[in-house]
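Novice: At position 410 of the sequence shown (counting the first as 1) the number is 498 in full-length UniProt numbering, and the numbers step up by one without a gap. Even for Gly, the Cβ is constructed at its ideal location relative to N, Cα and C. Got a structure for you, written out below as structure tokens; questions coming shortly.
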Amino acid sequence: TRVKRRQDYKPPEFLVDQVKLKFILDPSDTRVLTKLHIRFNTDAYGNCDRAHFHLDGDREVIELVPNSLKVDGRLLEEGEDYDLSKAHLIVKNIDGSGKGALVEFQVSLNPSKNTALMGLYLSKSNFFTQCEAEGFRRITFFPDRPDVMSIFEVTLVASKQDYPVLLSNGDCVESGSCSDENYHYAVYKDPFRKPCYLFALVAGKLVYLEDWFVTMSGKRVKLCIYVQQGNLPKATFAMDCLKQAMKWDEEQYGREYDLNTFNIVAVDDFSMGAMENKSLNIFNSKYVLANPETATDSDFEAIQAVVAHEYFHNWTGNRVTLRDWFQLSLKEGLTVFREQEFSADMTNRTVKRISDVMRLRTTQFPQDAGPMAHPVRPESYIEINNFYTVTIYEKGAEVIRMLRNLVGPEGFRKGCDLYFDRYDGMAVTCDDWLAAHQDANPHVDLTPFRLWYSQAGTPQLCASTEYDASQSTLHLHLEQYLPPTEEQPVKEPMLIPIKMGILDRDGIPVMVDVGDGSAVESKVLNMKESKQTFSFYHVPPGSRLSMLRGFSAPVRFAWKHDQPSDDLTFLMAKDKDEFNRWDAAQTVTLRYILDIVRRMPQGSLNPDSMASLEMSPSDDVFEAFRMTLLDEGLEHRFRSTMFVLPSELFIAQWMKPIRPDDIHLARLHLKRQLATRLSSSFWSVLQRLERELEGEYRLDAESRGKRALKNICLEYLCCSQDPTAVSLALKHFRKANNMTDALACLNILSIYGKEEGEMALAEFYRKWEHEYLVLDKWFRVQALVPSKDTLSRVQNLLEHKSFDIKNPNNVYALIGGYALQNPYAFHLADGSGYKFVADQIRKLDKINPQVAARIATSFTIWRELEPNLRSHVKEQLNLLFSRNNLSRDVSEVVGKLIE
Ligand code: B3K
Ligand code: ZN
């Protein structure tokens, strides 16, 4: 069977202590000379006479050079001494006493044909590698699993002229000219044992930005960022981020960098964000290159986050690595969490939390509720690349956050210290991680917490209250429910930490008194049972609860009886927890949108009749939004976030069956009503901010916040179909001296403008025609227009001369933007949107299966759709699945969707 199971784990039979690789680089015929010092794993299996050594190798990509395979110098015969299968090389009868053997061979491969961007490939004529998760087997034969850790020595040989820069992991210990003067070589040694998924090489024409960092023990580390000629000035921001991250990891976790150099290389063709190869991080160029003209404020923040994330992996992932891929969240969840905290420290904690939670709710909750649901530590997979999911990453990070809250910040630091100390240089499991925290915090019982790793699905938490006026006691009844999933029909109650507070009728905090002698402003209730009641004493009448502060657990929270909207607007204005002020705004708007959708029969909403729809939120809702908008005591950035309405994907989770059009229209209706009612306030804030932002562009947090608020004001005003606002947007677009404003206006104009939109798009293209990363924005803006005509626009853009379907960034911007982020345009009543996306998946699957599979996740929620749409999706999924030669990646996703 093709399914791999966590329970089937067995330690490797052979260990590889040392790997020597020599690459003779050539675009169409690269040679890899491989020498492996191997040894039977006597620790796991004792002694034996002889055993077969199994090496993985993707023989559709690599070929064993005839007569090159030797063991201890002896040439081996196929059939007699070794076998080759489609995915393996099996070297037979190796000594099993543990005394070791030297296995040598050569392979040949053709990087120029590698469009999957896994293994060794070319991008703009330069060589790059990507090995995680199982790309190393596309470079040479090797036991390609993370628990085989080796010391690597790598020699690169290449043409001097075409590949002046030669890089691999570790330090360059030797370099020079070859006997053929047209070629040169470099030898790299990495002193740290590592799994082969962390191997990397880069060769080509690149320039670099150099800097240095002095570590806490006084070691000077050379930092280099390699980019294509002409891009050097765009690398300075990433360099600053790297230094900030290095410092932060020393201060917060006591982690110091461990080599003499740290390199980052930017590449345009890359299937994901970036890769943490030991000392040679390879980055999608969109997470390295930025200047104010070409990058938005959000781009800068994303760069800061990704640079830090990859750097942090040096300890969480590289020094301590994974036993097997089921443990993926051990490094990813933890590293995301570390990045989130870093970014919070560098920017605005509340806003960062809000944006992380938005993402979790918009993308991870639907995954957890559908056929793609899996636990943070999965039990099985077919293609591991499909498991680099929001569940592993983002929910994984939530689990770490809960753990830290459970043991407290000091306990968490102690647990981390113990983890690094105990497992340095080892390949370990999520259980080992928990064991370290348990041992460091013996007073807390972490047993019930483990379920967060094993149970899939989002717990639903339902609350109700009862107030006993005679005793001034408030009883809070909580119920949790975790819906069954395919693999787990019966679930156990989870340990849910609920941070909460009480406000009296004037909004003054009431000390939370649960009768244990302590009285605090914010209390964490650890709910363990499926039903549980908590009682609070000395609660004045008319008090209100603020629940799940800071989103203390990744659950869907709801009150049994909807709160009256004045409770919510009260919390919007008064909660001491800023996150919950935002969340109250989300609930108020979500409820109103759902209200419209539920009251209107399907199809009765249409774009033209919306204006006459006689429904409106109550006055206090408008007032609460106006107060927020005008409250100078609040940070600009926070105020702008308050106006980001719940996403259509989030709203859809509260509706069965899902009617995407109605959701979109109802949401738009609310947006217009807010825009109209608050119009004069939007204008006054906008004008004031315009004045304040005049002059030179500044990147500081304050200016970023001002831009965000200014642009959201403009968006609302344009949404209210105010022609003055639309012309102003065009004016701003034309005179913008930074990409944040330009892109915000382009976006607004393409949605709310008519010919203004087309003009702006054309001008934008002309201006940025030669800036590859900026064109991605241009594609995405068009893919995101919520219109029934977007499909034909996207279809046309596929043929555009600047669009390259082999480039993942292009694909994610255009096809991904359309299929994953634009429900109104994607869900077309005749199913043509689905057919289009299915066609693209078929095409992409031949090019880059990983990217194709990701696009296929756009169908995750299909079973919840209303019957007409559902039947159209079903038809497309069946058609897709019936096709043979689907990659493992796509067939696993589609198989799960239709099963
Ligand atoms: N570890 C890589 C992801 C590799 C994905 C392989 N399909 C990037 C990261 O999470 O840091
Ligand atoms: Zn990562």
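#1: Touching or not, the region 865 to 872 and the region 895 to 911, by the rule of three or more beta carbon pairs under 8 Å?
#2: For the ligand ZN, which residues have a Cβ under 6 Å from at least one heavy atom, in chain order?
#3: Consult DSSP for Ser386 and reduce its assignment to one of helix, strand or coil.
#4: Comparing alpha-carbon positions, which option in Phe658, His724 and Phe667 lies nearest Asp708?
#5: Hey, how far is the Cα of Leu244 from the Cα of His272?
#6: Quick one: Cα of Ser700 to Cα of Val439, how far?
#7: Specify the secondary structure class of Ile739 as computed by DSSP and reduced to three states.
#8: So what's His752 in DSSP terms, helix, strand or just coil?
#9: The ligand B3K heavy atoms versus the CB of Ala941: any closer than 7 Å?
#10: Given a threshold of 16 other Cβ atoms within 10 Å of its Cβ, counted over all protein chains shown, does residue 50 qualify as buried or as exposed?
#11: Suppose the cutoff is 7 Å on Cβ atoms and the five residues either side in sequence are ignored; what does the same chain contact list for Arg447 look like?
#12: Bridge partners of residue 995, per DSSP?
#13: How would you write the range of the beta strand (DSSP E) that Arg441 sits in, first residue to last?
#14: Less than 7 Å between C-beta atoms, sequence neighbours within five positions excluded: which residues of the same chain meet that for Ala524?
#15: Report yes if the CB atom of His915 is closer than 8 Å to the CB atom of Asp749, and no otherwise.
#16: Curious, which full-length alpha helix (DSSP H) runs of at least 4 residues does the region 293 to 351 contain?
#17: My output table needs one value for Ile586: the three-state DSSP class, helix, strand or coil.
#18: Taking the alpha carbon of Pro874 as the reference point, which residue from His563, Ala907, Val253 and Tyr285 has its own alpha carbon closest?
#19: Say yes only if the C-beta of Ala221 is nearer than 7 Å to one or more non-hydrogen atoms of the ligand B3K, and no if none qualify.
#20: Run the proximity test for Glu471: is its beta-carbon closer than 7 Å to any non-hydrogen atom belonging to the ligand B3K?
#21: Pairing CB atoms from the region 176 to 195 with CB atoms from the region 134 to 150, are three or more of them under 8 Å?
#22: Under DSSP, the beta strand (DSSP E) around Asp278 begins and ends at which residues?
#23: Could you tell me if the beta carbon of Tyr276 falls within a distance shorter than 7 Å of some heavy atom in the ligand B3K?
#24: What does the alpha-carbon distance come out to for the pair Ala672 and Tyr133?
#25: Do Gln938 and the ligand PLP come close, with the Cβ less than 7 Å from some heavy atom?
#26: Check this for me: beta carbons of Ile935 and Lys894, under 8 Å apart or not?
#27: Looking only at its own chain, which residues have a Cβ that is under 7 Å from the Cβ of Lys662, when we skip the five neighbours before and after it?
#28: Is it buried or exposed for Ala850, if we count other Cβ within 10 angstroms and need 16 for buried?
#29: Under 8 Å: do the region 268 to 285 and the region 349 to 357 share three or more Cβ pairs, one atom per stretch?
#30: Would the beta-carbon of Glu427 be found less than 7 Å away from any heavy atom of the ligand B3K?
#31: With 16 other CB atoms within 10 Å as the buried threshold, where does Leu416 fall?
#32: State yes or no: is the C-beta of Ser618 within less than 8 Å of the C-beta of Gln543?
#33: Skipping 5 residues on each side, what residues in its chain have a beta carbon closer than 6 Å to that of Gln690?
#34: Touching or not, the region 370 to 379 and the region 411 to 427, by the rule of three or more beta carbon pairs under 8 Å?
#35: Please classify His820 as buried or exposed, where buried requires at least 16 neighbouring CB atoms within 10 angstroms.
#36: I believe Val495 touches Asn529 by the beta-carbon criterion, under 8 Å. Please report the beta-carbon distance rounded to the nearest angstrom.
Specialist: On the basis of the data shown:
#1: yes
#2: His397, His401, Glu420 and Thr423
#3: In the sequence shown, counting from the first residue as 1, residue 386 sits at position 298. Ser386 falls in the helix class under three-state DSSP.
#4: Sequence index remark: in the sequence shown, residue 708 carries index 620 (1-based). Measuring from the Cα of Asp708, the nearest candidate turns out to be Phe658.
#5: Working through the sequence shown from its first residue, we reach residue 244 at position 156. Working through the sequence shown from its first residue, we reach residue 272 at position 184. Whole-angstrom Cα-Cα distance: 8 Å.
#6: Here residue 700 refers to the residue found at position 612 of the sequence shown. Here residue 439 refers to the residue found at position 351 of the sequence shown. Near 36 Å, if we compare the C-alpha coordinates of Val439 and Ser700.
#7: In the sequence shown, counting from the first residue as 1, residue 739 sits at position 651. In the structure shown, Ile739 sits in a helix (DSSP, three-state: H, G or I).
#8: Residue numbering aside, residue 752 sits at position 664 when the sequence shown is read from its first letter. Looking at His752 - three-state DSSP - the assignment turns out to be helix.
#9: Sequence index remark: in the sequence shown, residue 941 carries index 853 (1-based). No, the ligand B3K has no heavy atom inside 7 Å of this Cβ.
#10: In the structure as shown, the chain starts at 89 and stops at 987, and residue 50 therefore has no counterpart that could be examined.
#11: Residue numbering aside, residue 447 sits at position 359 when the sequence shown is read from its first letter. Answer for Arg447: Glu482, listed in chain order.
#12: Only positions 89 to 987 of the chain appear in the structure, and residue 995 is not among them; the question remains open.
#13: Locating residue 441 in the sequence shown gives position 353, where the first residue counts as 1. Careful: Arg441 lies outside any beta strand (DSSP E), inside the alpha helix (DSSP H) at Arg437 to Arg447.
#14: Within the sequence shown, the letter at position 436 stands for residue 524. Cβ within range, chain order: Gly503, Leu506, Tyr507 and Arg510.
#15: Taking the first residue of the sequence shown as position 1, residue 915 is located at position 827. Taking the first residue of the sequence shown as position 1, residue 749 is located at position 661. Yes, the Cβ-Cβ distance between His915 and Asp749 is below 8 Å.
#16: 324 to 341
#17: For this step, residue 586 is matched to residue 498 along the sequence shown. Correct three-state label for Ile586: strand.
#18: Your numbering for residue 874 matches position 786 in the sequence shown. The candidate whose alpha carbon is nearest that of Pro874 is Ala907.
#19: By one-based count along the sequence shown, residue 221 stands at place 133. Checking every heavy atom of the ligand B3K against the Cβ of Ala221, one is found closer than 7 Å.
#20: Taking the sequence shown and counting its residues from 1, the one referred to as residue 471 is at position 383. False, no ligand heavy atom lies under 7 Å from that Cβ.
#21: yes
#22: Translated into positions along the sequence shown, residue 278 becomes position 190. Counting along the chain, the beta strand (DSSP E) containing Asp278 begins and ends at Tyr271 to Pro283.
#23: Here the question's residue 276 lines up with position 188 in the sequence shown. No; taking the cut-off as 7 Å, the Cβ of Tyr276 has no heavy atom of the ligand B3K nearer than that.
#24: If you number the sequence shown from 1, residue 672 lands on position 584. If you number the sequence shown from 1, residue 133 lands on position 45. Between Ala672 and Tyr133, the C-alpha separation is close to 58 Å.
#25: No copy of the ligand PLP appears in this structure; the ligands present are the ligand B3K and the ligand ZN.
#26: Your numbering for residue 935 matches position 847 in the sequence shown. Your numbering for residue 894 matches position 806 in the sequence shown. Yes, the pair counts as a contact, with Cβ atoms nearer than the cut-off.
#27: Here the question's residue 662 lines up with position 574 in the sequence shown. Excluding sequence neighbours, Lys662 sits near Leu591 and Gly595.
#28: To locate residue 850, count along the sequence shown from 1; it is residue 762. When all chains shown are included, Ala850 counts as exposed.
#29: no
#30: Reading the sequence shown from its first residue, position 339 is the one you call residue 427. No, since every heavy atom of the ligand B3K falls outside the 7 Å radius drawn around the Cβ of Glu427.
#31: Numbered from 1 along the sequence shown, position 328 holds the residue referred to as residue 416. Buried.
#32: As a first step, residue 618 is located in the sequence shown; it is residue number 530 there, counting from the start. As a first step, residue 543 is located in the sequence shown; it is residue number 455 there, counting from the start. Result no, Cβ atoms of Ser618 and Gln543 do not sit closer than 8 Å.
#33: Here residue 690 corresponds to residue number 602 of the sequence shown, with the count starting at 1. Taken in chain order, the residues that qualify are Arg747.
#34: no
#35: In the sequence shown, counting from the first residue as 1, residue 820 sits at position 732. Counting Cβ neighbours within 10 Å, His820 comes out buried, since at least 16 surround it.
#36: Here residue 495 is taken as the residue at index 407 of the sequence shown, counted from 1. Here residue 529 is taken as the residue at index 441 of the sequence shown, counted from 1. The pair is a contact, with the Cβ atoms about 4 Å apart (cut-off 8 Å).
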